[in-house]
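Scroll down for the structure; my scribbles are underneath it.
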Amino acid sequence: MDSSIPATHPLDLATRLTPAGEGRFTGRTSPAYWNMMGPFGGTTAALMLKAALDAPQRLGDPVALTVNFCAPIAEGAFTIEITEARTNRSTQHWTMTLSQENGIAATASAVFAKRRETWAHQPAACPTIPPFETLAPMETEGRNAWLQRYDLRFAEGAMTFEARADTDPGPSRSLLWVADKPERTLD
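The number in our numbering is simply the position in the sequence shown, starting from 1, with 254 added.
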């Protein structure tokens, strides 16, 4: 592992789950990925998927995830319960429920599949963009905590936070480099 990458990244801390019996995990929300009124939805989705990924009887790799946000997720502790809904020859289906003191806050379903030889396709070409180092990072200090987790370098269509008239829409295309901040090895 690269010694310049922190041993425990904020995302790894935010998605940390503790086994709490068969099909149960506990965790806590993280201020590092807090949005306006709760955890960033992608962090919640990552937690739900991680619970199924951590199941000892899980087969294959994730191919689909659906998350339903039922109620605001409060700051603090939560429990995720997972159920193996069905296992077939090449797919496995899981359901997950995230609960807090006030009841169910989110539900999810995930499909896993065994990888098999299949057809190949021509991958899309990377767009022409100036090198990462030549673009100025977007200033995220004072913004939502989750936005501060990324080094965003816009070549086109930079984010703006100023109010604008409905008759003055922003650009429809953004072209940028995105990196974890602090740096994190990709899964």
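Backbone N, C-alpha and C define an ideal beta-carbon position, used for all residues, glycine too.
Quick caveat: nothing in here was measured; it's all calculated off a predicted structure.
Subject >> Range covered by the alpha helix (DSSP H) that runs through G396 >> reply: No alpha helix (DSSP H) contains G396, which DSSP labels as neither H nor E.
**OP:** Can you check DSSP and say which residues form a bridge with F366?
**Re:** As a beta-bridge residue in DSSP terms, F366 pairs with P316 and Q346.
Original post:
DSSP state of T298, grouped into three classes?
Top reply: Reduced to three states, the DSSP call for T298 is helix.
Original post:
Hey, how far is the Cα of E410 from the Cα of I383?
Top reply: Cα to Cα, E410 sits roughly 9 Å from I383.
Original post:
Using CA coordinates, which residue listed in E416, D405, G281 and R397 is at the minimum distance from P391?
Top reply: Sorting E416, D405, G281 and R397 by C-alpha distance to the C-alpha of P391 places D405 at the top.
**OP:** Please confirm whether P326 and M291 have their CB atoms less than 8 Å apart.
**Re:** The Cβ atoms of P326 and M291 lie closer than 8 Å to each other.
Subject >> Length of the line joining the Cα atoms of A417 and P425 >> reply: Answer to the nearest angstrom: the Cα atoms are 14 Å apart.
Subject >> Three-state class that DSSP yields for E242 in the structure shown >> reply: Since the displayed the chain opens at 255 and closes at 441, residue 242 lies outside it and no answer follows.
Original post:
What are the start and end residues of the alpha helix (DSSP H) that includes D266?
Top reply: Element bounds for D266: P264 to A268.
Original post:
Opposite I358 in the DSSP bridges: which residues?
Top reply: Paired residues: S353.
**OP:** Can you grab the Cα-Cα spacing for the pair D441 / D266, in whole Å?
**Re:** Note on geometry: alpha-carbon atoms of D441 and D266 lie some 11 Å from one another.
Original post:
Applying the criterion that 16 or more other CB atoms from any shown protein chain within 10 Å of the CB defines a buried residue, is V321 buried or exposed?
Top reply: By the 16-neighbour rule on beta-carbons within 10 angstroms, V321 is buried.
Subject >> Any 3 or more C-beta pairs closer than 8 Å across the region 385-404 and the region 352-371 >> reply: No, the region 385-404 is not in contact with the region 352-371.
Subject >> With 16 other Cβ atoms within 10 Å as the buried cut-off, status of T298 >> reply: Buried, because 16 or more other Cβ atoms sit within 10 Å of the Cβ of T298.
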